[in-house]
Amino acid sequence: MEALDIPALAHEADAVPPRGWSAAASEARAGLLFVAPYLIVFGVLLVYPLLSGIWLSLHKADLFGGARFIGVENYARLFRDDIFRQAVWNTCTFVVLTVPALTVAGLVLALALNRASRWSAILRGLFFSSSVLSVTIVTLVWRMVLIPDGGLIANLLALAHLPPVPFLSDTRFALPAVALTTVWWCIGLPMMLFLAALQQVPKDLYEAAALDNAGWWRTLWRITLPSIRRTALVVVVIEVILQFQLFGQAQIMTLGGPNNASLPIVLFIYQIGFQRWDIGYAAAASEILFCIILVAAMAQFFASRGREGT
Amino acid sequence: MGGVSLRGICKRFGDALVLDNVSLEIGAGEFVVVLGPSGCGKSTLLRVIAGLETIDAGEIEIGGERIDHLPPGKRGVAMVFQSYALYPHMTVRENMAFGLDNIGVSRTETARRISDAARMLEMEQLLDRRPAALSGGQRQRVAIGRAIVKEPRLFMFDEPLSNLDAALRVRTRQEIASLHRRIGTAMIFVTHDQTEAMTLADRIVVMNQRRIEQVGTPLEIYRNPATAFVASFVGAPAMNMLPVTAVPGGGAFQRVALADGAMVDTAVPAASRKGALQLGLRPEAVRLCAAGAGDMDATVAFVEFLGDKTHVFLSLAGGDRIVAVAGATAPVREGETVGVRFDGGDAHLFDADGRNLRIMA
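So the protein sequences, as listed, match chains A and B.
Under numbering that gives the first Met the number 0, think of the first position of the first sequence as 0, with each following residue one higher.
Under numbering that gives the first Met the number 0, think of the first position of the second sequence as 0, with each following residue one higher.
Shown next as structure tokens:
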């Protein structure tokens, strides 16, 4: 050890008392005190309900009555339940319809509005304004657009002498209609996230690309998109998590119908738990939803990390 | 490989004029350094040549071909940015290949050029790394390499050494000089550092307040500054500037009187000069001697020992401050009175507009 041969250093090392177990424990206690407020909130509002929900899902429980431990019977019932399977399928379809649309449309809007003009600022505000509306307002507006009896689209079709389309009462169109409403409602957040990311890309990268004779399209593919890929991942993960939790739009616009064609998992959970009072069964469905969201979000994360590593 | 010709370039940002009728001829293979203080328009000049800014008036030609209407990628120029502007998600090899891919250079040719440039810049082992895994000096080399592989008609450097530490700056400066000798392409190098300008340039273009003040070789700029601004901007320590009045009695050359009445005989041809003049004396033209033995006496205000020489800051009787360069072991102490002798043969006289009368004569 070369350093120990230096007298000054050796002397300095002697002067420092050895750190005992009690000193380390005291430091750990102090650290714990700093994180305690958050840990308490995290524990009470997130960890406890999660564990409590898992425990509840192992019981035959009534909203107003006692509970009886039945092991994994609720989960077995769910896998046999056609309506639940339909709800899972609907939810996954809804996520596939909305997440890519939100990501691409958010990016396109951000690219179009990423400039310092007055009109861009006005349009940015306009596109983001839909995000601040409540789900009730949004769905009411879109019902007025979609309903076949005097709705906006029906009136436009009538001008072209075409029959109205019952978007919300046709099994083929109900879920896409809810998806369209959701994209309109939620487009503000991805747009803003992409705008923030685009404004972080150093201007001189674009200047270097211009000197490298890169056209608009090539600059977009080779410079812009790789520079904002982390934001794209964040947008996709956030939207996957949000859209798997579809509830309000389906509840207000279609009540999950017709014939469960637009029934999402959360609405299924709501109906089982708060209309049929079977909260053990609803808790089991909630845990399945939790696992689906976790797997989808982590898959995105790891897939992206794998690509970056190459 | 032709030269570069700028004629009457004007550039405005809104109401602000940033380039005012700038004209400049750069020979083929010439290394020109644009030197000036912050905000003088030197970086804008580079950017209008590169096509990153449009011009409001004037013409730009490279090799006899007018290029000011062309987009940046079609001008045949390459630029090394102050921040290097390397693409962070690409490897060094991809950074260098990007521009060549865009103009349809074949893969074999691209590989050859990258290999040649990497060998020239001694960065072959860096080709598969990304910029984040490189030091500042290595990034600088990659930025230069990316410019070299394009085989441009004109290289441009926008303060490329300002992010490097002092030792690396000296080394990179030498490498850029050596690179220029090897490839022989015209280069424009923008800096506010006069050492970089003096050591690298075939010719220096000194800019001030949106205009070119003087164009000349480093020695010309140093020895015969056209204006008071150039005289005080180039050289460290800066040229001493003292207010003087022209007095008769110097024969064919101009004699001037300092504020305290001391006379200095210059080598500037005499003429009917009126109004305020400024006497410009390089610190090495101010000699120290024993008190009472020189043109005047002065008090030593401050001494800087630099090892190889000493900067002696002096207060004159009239209140003016000047600096002299003395030997490494100058026997002076702060507060001491010393004699000062001016080497009038090296003196410059500037008129009220700041023009050097020695050059105008």
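In this text, a Cβ means the ideal position worked out from N, Cα and C, and glycines have one as well.
Being a predicted model, the structure only gives us computed values, none of them experimental.
Neighbour list for residue i in chain A, Cβ cutoff strictly below 8 Å
i, result
"B/Phe12", "Ordered by position in chain A, no residue passes the 8 Å Cβ test against B/Phe12, which lies about 14 Å from the chain."
"B/Ala77", "Leu210"
Alpha carbon of residue i to alpha carbon of residue j, nearest angstrom
i, j, result
"B/Ile54", "B/Gln213", "22 Å"
"B/Asn94", "B/Ile211", "35 Å"
"A/Leu77", "A/Val71", "10 Å"
"A/Leu3", "A/Ile237", "Per-residue confidence for A/Leu3 stands at a pLDDT of 37, beneath the threshold of 50, marking its modelled position as unreliable; the derived number appears in the next sentence. A/Leu3 and A/Ile237: Cα-Cα distance of roughly 53 Å."
"B/Glu123", "B/Thr190", "29 Å"
"A/Gln198", "B/Gly343", "58 Å"
"B/Gly318", "B/Gly72", "57 Å"
"A/Glu11", "A/Ala23", "Only weak support is given to the placement of A/Glu11: the predicted model assigns it a pLDDT of 44, under 50, and the question is left unresolved by the model."
"A/Ala29", "A/Leu45", "24 Å"
"A/Arg79", "A/Gly214", "55 Å"
"B/Met240", "B/Val322", "10 Å"
"A/Val265", "A/Ile292", "12 Å"
"B/Ile358", "B/Asn223", "7 Å"
"B/Ile8", "B/Met186", "19 Å"
"A/Ala88", "B/Thr43", "It should be pointed out that residue 88 of chain A corresponds to Trp in this sequence rather than to Ala. So the two alpha carbons sit approximately 59 Å from each other."
"A/Ala120", "A/Leu112", "8 Å"
"B/Asp259", "B/Leu313", "15 Å"
"B/Glu29", "B/Glu60", "15 Å"
"A/Asp148", "A/Ser261", "21 Å"
"B/Glu158", "B/Gly50", "18 Å"
"A/Ile240", "A/Ser21", "44 Å"
"B/Thr298", "B/Arg332", "10 Å"
"A/Phe300", "B/Leu153", "45 Å"
For residue i, three-class secondary structure by DSSP
i, result
"B/Gly7", "strand"
"B/Met95", "helix"
"A/Gly187", "helix"
"B/Gly293", "coil"
"B/Thr298", "strand"
"A/Leu8", "Note that A/Leu8 scores 40 on pLDDT, short of 50, meaning its location in the model is unreliable and no value can be drawn from it."
"A/Gln198", "helix"
"A/Phe33", "helix"
"A/Lys59", "strand"
"A/Val294", "helix"
"B/Met427", "Because residue 427 of chain B is not part of the residues shown, which for chain B are 0 to 360, the question remains open."
"B/Gln253", "strand"
"A/Ile121", "helix"
"B/Asn162", "coil"
"B/Phe341", "strand"
"A/Phe83", "helix"
"A/Asp203", "helix"
"A/Val265", "helix"
"A/Asn212", "coil"
"B/Val47", "helix"
"B/Val311", "strand"
"B/Gly353", "coil"
"B/Glu64", "strand"
"B/Ser37", "coil"
Partner residues on chain B for residue i, Cβ-Cβ distance less than 9 Å
i, result
"A/Val229", "Here residue 229 of chain A turns out to be Arg, not Val, going by the sequence shown. Under the 9 Å cutoff, chain B gives no residues; its nearest Cβ is about 11 Å from A/Arg229."
"A/Ser226", "Tyr86, Pro87 and His88"
Partner residues on chain B for residue i, Cβ-Cβ distance less than 7 Å
i, result
"A/Asp211", "Gly72, Phe97, Gly98 and Asn101"
"A/Ala207", "Phe80 and Ala84"
Residue i: contacting residues in chain A (beta-carbon distance under 7 Å)
i, result
"B/Tyr86", "Leu204 and Ile222"
"B/Ala49", "Leu210"
Residues that residue i contacts on chain B, provided the C-beta gap is smaller than 8 Å
i, result
"A/Arg114", "Chain B residues near A/Arg114: none, gap ~17 Å exceeds 8 Å."
"A/Ala117", "Before going on, a small fix: residue 117 of chain A reads as Arg here, not Ala. Here the premise fails: no neighbours, minimum Cβ distance about 16 Å."
"A/Arg217", "Asn101"
"A/Pro201", "Ser82 and Ala84"
Exercise for review: Scan the stretch 167-244 of chain B and note each continuous beta strand (DSSP E) run of 3 residues or more that stays entirely inside, going in chain order.
Suggested key: 185-190, 202-207 and 210-215
Practice item. Would you be able to state if there are at least three C-beta pairs under 8 Å between the stretch 132-148 of chain A and the stretch 241-258 of chain A? Key: yes
Check your understanding: Which full runs of the beta strand (DSSP E) of 3+ residues lie inside the stretch 259-290 of chain B, going along the chain?
Key -> 262-268, 276-280 and 285-288
Review point. Should the stretch 31-46 of chain B be regarded as contacting the stretch 174-192 of chain B, the criterion being three or more beta carbon pairs within less than 8 Å?
Key: yes
Check your understanding: At which residue ranges does the stretch 100-151 of chain B contain complete alpha helix (DSSP H) runs of 4 or more residues, listed in the order of the chain?
Key -> 106-119 and 135-147
Practice item. Check whether the stretch 280-297 of chain B touches the stretch 345-355 of chain B, counting contact only when three or more Cβ pairs, one atom from each stretch, lie closer than 8 Å. Key: yes
Review point. Is it true that the stretch 221-231 of chain A meets the stretch 188-202 of chain A, where meeting means three or more beta-carbon pairs spaced less than 8 Å apart?
Key: yes
Check your understanding: For the stretch 210-226 of chain A against the stretch 80-88 of chain B, are there 3 or more C-beta pairs whose distance is under 8 Å?
Key -> yes
Review point. Okay, do the stretch 325-332 of chain B and the stretch 291-307 of chain B touch, 3+ Cβ pairs below 8 Å being the bar?
Key: yes
**Study point:** the stretch 277-284 of chain A / the stretch 52-63 of chain A touching (three or more Cβ pairs under 8 Å)
**Key:** yes
Check your understanding: Using 8 Å as the threshold, is the stretch 126-142 of chain B in touch with the stretch 103-111 of chain B, meaning 3 or more CB pairs across them?
Key -> no
Check your understanding: Counting pairs of beta carbons, one from the stretch 199-209 of chain B and one from the stretch 159-170 of chain B, are three or more of them closer than 8 Å?
Key -> no
Review point. So, do the stretch 162-171 of chain A and the stretch 92-111 of chain A have three or more beta carbon pairs nearer to each other than 8 Å?
Key: no
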